[in-house]
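In UniProt numbering, the protein residues as written are 1 to 59. Working notes, beginning with the structure itself.
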């Protein structure tokens, strides 16, 4: 039997951006569900060798 989950926001992807967005929305009082098909930070965050920069690299 399928389950029903009620939420304000569904976030697909638990990389750095998804985790940040989840934390931000929850602090603002939203109900969130975060889904990930692999381990946390295993997608694009892993492909960039785990390096998180402020964007100046591309300025």
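For glycine and all other residues, C-beta sits at the position ideal for the given N, C-alpha and C.
Could you spell out the range, first to last residue, of the beta strand (DSSP E) harbouring residue i?
| i | result |
| --- | --- |
| residue 16 | Counting along the chain, residue 16 falls outside any beta strand (DSSP E), though it belongs to the alpha helix (DSSP H) covering 16–27. |
| residue 5 | Counting along the chain, residue 5 falls outside any beta strand (DSSP E), and DSSP gives it neither H nor E. |
If we call anything under 8 Å between Cβ atoms a contact, is residue i one with residue j?
| i | j | result |
| --- | --- | --- |
| residue 22 | residue 11 | yes |
Only counting the same chain, and skipping five residues up and downstream in sequence, which positions put a Cβ closer than 8 Å to that of residue i?
| i | result |
| --- | --- |
| residue 8 | 25, 30, 31, 32 |
| residue 18 | 11, 12, 34, 36 |
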